[in-house]
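Each residue of the sequence shown is one higher than the one before, counting from 1 in the numbering used here. For each residue, glycine too, the CB sits at the ideal point set by N, CA and C. Predicted, not measured: the structure shown is a model, and the values here were computed from it. One structure below.
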Amino acid sequence: FFSNFIFCQKKESAIALILGVKNFNIYVNSSGNKVKFKIQQIEEDYYELELIKKDKNRFFANLNCVLCNEKNKFGWVEIKNVEIGLRNSNNNFINIYPKPHSKYFKKTIKIHTESVIANVLDFKDNWLKVSFILEGKKTIGWLAPENQCKNFYTMCTG
């Protein structure tokens, strides 16, 4: 009976945030300067981005304002504005990988604080390539989904 059915599992998307940027643009394409939307962010709010595609300096994303009514705004955003919180749910340690898969050797980093924000550089499936500075040392690598915090208000601390 079930041999005629195909079961599909939708891949999880990479989710990132735009946090501390008060004004930013959503562009029509990946390289031009034509603005599709101008966003003026209120201080308490932030945008969640479903990352769809990457070009040299921009992500194509579906933007959703967390507290306001702006949903499903598609367009290109500058990579420099995209961030994610680091979730240190494992005794204040976080794993950073050289490639986007947990089978690769990981680098374990001790995080003394709950609120570390990283810049998002790239993505593959639901893994994010991030860059952050902690105690004066810059780290670049891939962050597994379980170590990504998408809730700016709680920073995933409880």
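So Leu63 packs on Leu49, CB below 8 Å; how close in whole Å?
Indeed, because the Cβ distance is near 5 Å, the residues count as touching under 8 Å.
Quick check on Lys80: does DSSP put it in helix, strand or coil?
In the structure shown, Lys80 sits in a helix (DSSP, three-state: H, G or I).
Please state if the CB of Ala16 and the CB of Glu83 are separated by a distance shorter than 8 Å.
Yes, these two residues count as a Cβ contact at 8 Å.
Is the beta carbon of Pro145 less than 8 Å from the beta carbon of Trp127?
Yes, Cβ-Cβ distance for Pro145 and Trp127 is below 8 Å.
I'd like to know whether the C-beta of Tyr27 is nearer than 8 Å to at least one C-beta of chain C.
In the displayed structure, chain C is absent; only one protein chain is listed.
What does the alpha-carbon distance come out to for the pair His101 and Trp142?
So the two alpha carbons sit approximately 8 Å from each other.
For Tyr104 and Phe93, what's the separation of their Cα atoms in angstroms?
Rounded to the nearest angstrom, the two C-alpha atoms are 17 Å apart.
Leaving out five residues before and five after Lys159 in sequence, what residues of the same chain have Cβ atoms less than 6 Å from its Cβ?
In the structure displayed, the chain extends from 1 to 158; residue 159 sits before or after that span and is not available.
According to DSSP, simplified to helix, strand and coil, what is Glu146?
It is helical.
Leaving out five residues before and five after Asn57 in sequence, what residues of the same chain have Cβ atoms less than 7 Å from its Cβ?
Once the five neighbours on either side are set aside, the close Cβ partners of Asn57 are Glu78, Ile79.
Name the residue from Val28, Lys124, Ile140, Cys65 whose alpha carbon lies nearest to the alpha carbon of Gln40.
It is Cys65.
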